Amino acid sequence: MNVNRWLGLLIGLLAGMFLCCAGTAVILSLGGTSSLSSSSAPALSVVPSNATLDVAIDEAYLSRTLAQNAKGFPSPWPVVGGRMNIKPGNQATFDVLVDGPLGRMTVAGRLTFGVAQGRLLVRITEVKLGAVPVMGLMNMFVPGLETQINARANQQLQERTAGAGVTLLGVTTDEQFLRFYFTGQ
Amino acid sequence: MLLAALVLAVLVMATASTSVALPAVKPDPARPDIVITVQDAFIKQAIVRSVPGDALKDVTVKLQAGGDIAIQGRVEETLLGQTLSAPFSLAIRLAAQNGRLRVDVSEVQVAGNQAVSAALQGVFEGLGDQASQMINKELAAGLGSDAYIMNVTTDDRRMIVRARWTGP
Chain A
0 MNVNRWLGLL IGLLAGMFLC CAGTAVILSL GGTSSLSSSS APALSVVPSN ATLDVAIDEA
60 YLSRTLAQNA KGFPSPWPVV GGRMNIKPGN QATFDVLVDG PLGRMTVAGR LTFGVAQGRL
120 LVRITEVKLG AVPVMGLMNM FVPGLETQIN ARANQQLQER TAGAGVTLLG VTTDEQFLRF
180 YFTGQ
Chain B
0 MLLAALVLAV LVMATASTSV ALPAVKPDPA RPDIVITVQD AFIKQAIVRS VPGDALKDVT
60 VKLQAGGDIA IQGRVEETLL GQTLSAPFSL AIRLAAQNGR LRVDVSEVQV AGNQAVSAAL
120 QGVFEGLGDQ ASQMINKELA AGLGSDAYIM NVTTDDRRMI VRARWTGP
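Those protein sequences? They're chains A and B, same order as listed. Its first residue numbered 0, the first sequence is counted upward by one per residue in numbering that gives the first Met the number 0. Its first residue numbered 0, the second sequence is counted upward by one per residue in numbering that gives the first Met the number 0.
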């Protein structure tokens with residue numbers, strides 16, 4: 000059943016997307032060469048009435064995935080842990096611990112999710128280094144990171160769902176689950 | 000120079016303000032990592048697509064509690080230039096067994112005279128085993144070899160599959 004295969008691939012995509020966001024935040028916070036756009040338009044949080052398939056992913060799994068892959072981040076300083084928190088209102092936060100030259104510090108961020116015309120929209124709305132907001136600092140660097148993340152996520156989504164005959168309709172969150180809604184074509 | 004000083008200041012403040020501990024999230028064998036909810040309309044589409052040759056027509060799917068799915072429709076097959084067509088009904092039961100999804104076809108009925116019925120029964124021959132193998136192969140390919148199907152439940156509108164990963 001192609002659907003099952005596709006579901007697994009979707010999970011991989013999501014995990015990769017989170018890792019990408021968290022890893023990029025680490026790199027940028029530590030003086031990398033990219034930046035974030037600061038768009039923060041509210042994401043939709045409505046269950047589509049015509050959805051015939053939904054996939055709910057537990058934040059615990061996303062946290063485990065983030066933590067397990069932390070060591071693989073292309074970070075200038077060792078990444079020693081990470082955690083995801085799914086929040087109501089199409090949001091998620093992430094925390095990544097790094098061992099910097101001055102000691103251990105946390106890189107934290109907030110993402111929002113939405114869907115428009117069958118495409119997933121991920122926005123990075125907040126990044127902090129410790130308790131220090133660094134979005135403004137990041138915006139000084141090369142713009143377009145968010146666009147790149149979305150382009151990559153949707154390219155993978157398209158490639159991986161091409162054989163399954165499904166269309167992404169929406170995404171919602173609650174305290175525990177990130178839910179994706181689809182319909183057969 | 001100014002930028003370097005700014006980054007250094009941020010690092011100092013960030014280090015000083017960091018006090019977060021991130022305890023590892025342990026996997027809970029009783030809790031699914033993923034919950035897949037499939038509406039009856041989607042199942043109908045999947046069934047029609049899964050049988051090659053566009054052989055199933057006018058398919059209806061009725062979900063029942065306990066993992067049972069009743070499928071009705073018309074099966075059409077061309078044999079030796081003759082198009083044979085007859086109503087059919089299938090009773091399928093889905094279950095999780097040892098972390099894998101199992102499809103049991105408990106009943107196959109094809110209407111019509113004996114010859115037509117026998118000829119068209121072949122469309123469904125070995126369907127349960129084939130479907131089980133196919134689904135589990137795809138699950139392993141898609142979710143990874145450590146994916147463990149915890150349970151499958153149905154009500155009158157939906158099939159719900161709960162799964163977890165047995166890796167670290």
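Think of the CB as a built atom: it goes at the ideal place given N, C-alpha and C, for glycine as much as any other residue. None of the values given here were measured: they were computed from a predicted structure.
Excluding residues up to 5 positions away in sequence, Ser88 lie with their Cβ nearer than 6 Å to the Cβ of B:Gln108 in the same chain. Judged by DSSP in its simplified three-state form, B:Ala20 adopts coil rather than helix or strand. Residue burial is scored here from C-beta neighbours: B:Ala114 has fewer than 16 other C-beta atoms within 10 angstroms and is therefore classed as exposed. Along the region 38-64 of chain B, going in chain order, the ones with a CB nearer than 8 Å to a CB of chain A are Gln38, Ala40, Phe41, Gln44, Ala45, Arg48 and Ser49. A:Ala69 counts as buried, since no fewer than 16 other beta carbons sit within 10 angstroms of its beta carbon. The closest CA to that of B:Gln63, considering only B:Ile91, B:Trp164 and B:Ala85, is found on B:Ile91. As the crow flies, the alpha-carbon of A:Leu128 is around 14 Å from that of A:Val78.
The region 99-130 of chain B is shown to contain whole alpha helix (DSSP H) runs of 4 or more residues at 113-120, in chain order.
Here DSSP, grouped into helix, strand and coil, assigns A:Glu125 to strand. B:Ile35 has a beta carbon lying within less than 8 Å of a beta carbon in chain A. At least one CB atom of chain B sits nearer than 8 Å to the CB of A:Ile56.
Here the region 146-157 of chain A makes contact with the region 102-119 of chain A; the two share three or more CB pairs at distances below 8 Å.
Under the criterion of beta carbons closer than 8 Å, A:Asp57 and A:Gln147 do not qualify as touching, at roughly 28 Å. Boundaries of the alpha helix (DSSP H) harbouring A:Thr64: Glu58 to Gln67, taken from the DSSP string. B:Leu126 has its alpha-carbon roughly 32 Å from the corresponding atom of A:Leu168. Rounded to whole angstroms, the gap between the alpha carbons of B:Arg163 and A:Thr64 is 13 Å. Annotation: the continuous alpha helix (DSSP H) that includes B:Val47 extends over Asp39 to Ser49. At a beta-carbon threshold of 8 Å, the residues of chain B lying near A:Leu52 are Ile35, Thr36, Val37, Gln38 and Phe41, ordered along the chain. Between the C-alpha atoms of A:Phe93 and A:Gly80 there is a straight-line separation of about 11 Å.
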